[in-house]
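S.K.: Okay, so the sequence shown: first residue is 1 according to the UniProt record's numbering, each after it adds one.
Glycine included, C-beta positions come from ideal geometry on N, C-alpha and C.
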Amino acid sequence: MKVVDFLKQKSEILAKHPFELKDWLSPSIRDYWIEFLNKAHVTGWVKAENIASNGESVPKTAAIEIHPEAAKLMEELLASLGEEIHVGSWLTVDQERINRFADVTDDHQWIHTDPERAELESPFKTTIAHGFLTLSLLSVLTDSVDPDNQKFPTAKMTVNYGLNQVRFPYPVKEGSRVRARTKIQSVTPIKRGLEIVQEISVEIEGCRRPGCVAESVVRLYF
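If you want it as structure tokens, here you go:
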């Protein structure tokens with residue numbers, strides 16, 4: 001039985017016998033369920049009678065009125081789920097940038113800030129960027145801070161809501177060029193807006209493995 005058919009069957013049962021859905025669904029099935037709800041409710045009123053984006057059950061009386069611009073954007077984004085929607089420009093991570101980040105965070109480990117020692121003792125034979133430096137570059141790498149080229153121009157406000165998970169598969173060596181590649185993972189209606197989960201992968205030029213893979217959560221308000 002396909003996952004969608006399975007969920008449809010369970011939704012009919014749950015409609016007759018409601019209970020705390022979050023106590024029944026496994027995390028993996030919960031993700032499919034949220035995606036199913038997203039695709040099932042694109043415009044108009046979205047009933048939040050099953051499960052919210054955070055996995056908590058929502059009272060049957062709750063409903064979310066979607067702003068017309070939010071509904072239009074949601075439909076566009078749902079059509080591109082899992083597809084690469086943005087590839088940013090290359091950015092060079094040089095020693096000056098690494099040093100400035102070290103000063104801000106008080107993290108002056110030699111693997112980041114001592115090129116001579118790194119050349120002798122590091123397996124990478126050069127200094128490497130802090131993992132959190134790579135992570136902090138996501139905003140500029142995804143063009144999220146360009147006022148003349150907004151990713152979601154119809155939204156009145158965009159809020160960085162956080163990260164679901166972050167990994168640093170390979171270090172970014174000093175002098176490397178990096179760029180971000182973005183995919184939409186899910187779109188969920190919220191009060192006065194949308195919550196969007198994006199998978200962002202930081203590509204290192206000439207390297208097979210990415211420097212960072214993060215699941216970013218943003219909220220748009222209309």
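In this structure, how does DSSP classify Arg-219 when only helix, strand and coil are distinguished?
M.R.: Strand.
S.K.: Check Ser-122 in the structure and name its three-state DSSP category.
M.R.: Coil, per DSSP.
S.K.: Should Lys-180 be labelled buried (16 or more other beta-carbon atoms within 10 Å of its own) or exposed?
M.R.: Per the sequence presented here, residue 180 reads as Ala, with Lys not at that position. By the neighbour-count rule (16 or more Cβ atoms within 10 Å), Ala-180 is buried.
S.K.: At 3 residues or longer, and completely inside the UniProt domain "MaoC-like" (81–192): list those beta strand (DSSP E) runs for me, N to C.
M.R.: Taking only runs of at least 3 residues, the beta strand (DSSP E) segments lying wholly in the UniProt domain "MaoC-like" (81–192) are 84–87, 91–93, 157–167, 176–190.
S.K.: According to DSSP, simplified to helix, strand and coil, what is Glu-76?
M.R.: It is helical.
S.K.: Could you tell me if Gly-193 is buried or exposed, where buried requires 16 or more neighbouring beta carbons within 10 angstroms of its beta carbon?
M.R.: The residue in question, Gly-193, is buried, as its Cβ has 16 or more Cβ neighbours within 10 Å.
S.K.: In three-state terms, what does DSSP make of Glu-205?
M.R.: The answer is coil: DSSP assigns Glu-205 none of H, G, I, E or B.
S.K.: Between the Cα of Leu-73 and those of Val-166, Lys-151, Val-202, spot the shortest distance and give me the residue it belongs to.
M.R.: Residue Lys-151 is the option with its Cα nearest to Leu-73.
S.K.: Assuming Val-217 and Glu-195 form a contact by the criterion Cβ under 8 Å, report the distance between their Cβ atoms to the nearest whole angstrom.
M.R.: Correct: roughly 7 Å between the Cβ atoms.
S.K.: I think Glu-215 touches Gln-165, with their Cβ atoms under 8 Å apart; what is that distance to the nearest whole Å?
M.R.: So it is a contact: roughly 5 Å between Cβ atoms.
S.K.: Note down, in chain order, each residue of its chain lying with its Cβ closer than 8 Å to the Cβ of Thr-105, except the 5 sequence neighbours on either side.
M.R.: The answer, listed in chain order, is His-130, Phe-132.
S.K.: Would Val-145 and Ser-136 be called neighbours here (beta carbons separated by less than 7 Å)?
M.R.: Going by C-beta atoms, Val-145 is not nearer than 7 Å to Ser-136.
S.K.: Are the CB atoms of residue 292 and Gly-211 nearer to each other than 7 Å?
M.R.: Residue coverage of the chain in this structure runs from 1 to 222, which leaves residue 292 outside it and unanswerable.
S.K.: Go through its chain and collect everything with a Cβ distance to Met-157's Cβ below 7 Å, but skip five positions before and after it.
M.R.: The answer, listed in chain order, is Tyr-221.
S.K.: Kindly list the residues whose CB is nearer than 7 Å to the CB of Gln-95, restricted to its own chain and excluding five residues on each side of it in sequence; keep chain order.
M.R.: Pro-115, Thr-127, Glu-174.
S.K.: State buried or exposed for Ala-79, treating a residue as buried only when at least 16 other CB atoms are found within 10 Å of its CB.
M.R.: Exposed.
S.K.: Can you list, in chain order, the residues of its chain whose CB lies under 7 Å from that of Ile-184, leaving out five sequence neighbours each side?
M.R.: Counting only Cβ-Cβ distances below 7 Å, and skipping sequence neighbours, we find Leu-77, Ser-80, Leu-81, Ile-85, Ile-196, Gln-198.
S.K.: Can you give me the C-alpha to C-alpha distance between Leu-120 and Val-172, rounded to a whole angstrom?
M.R.: Between Leu-120 and Val-172, the C-alpha separation is close to 18 Å.
S.K.: Using the DSSP secondary-structure output, state which residues sit across from Ile-196 in a beta bridge.
M.R.: Val-187, Val-218, per the DSSP bridge assignment.
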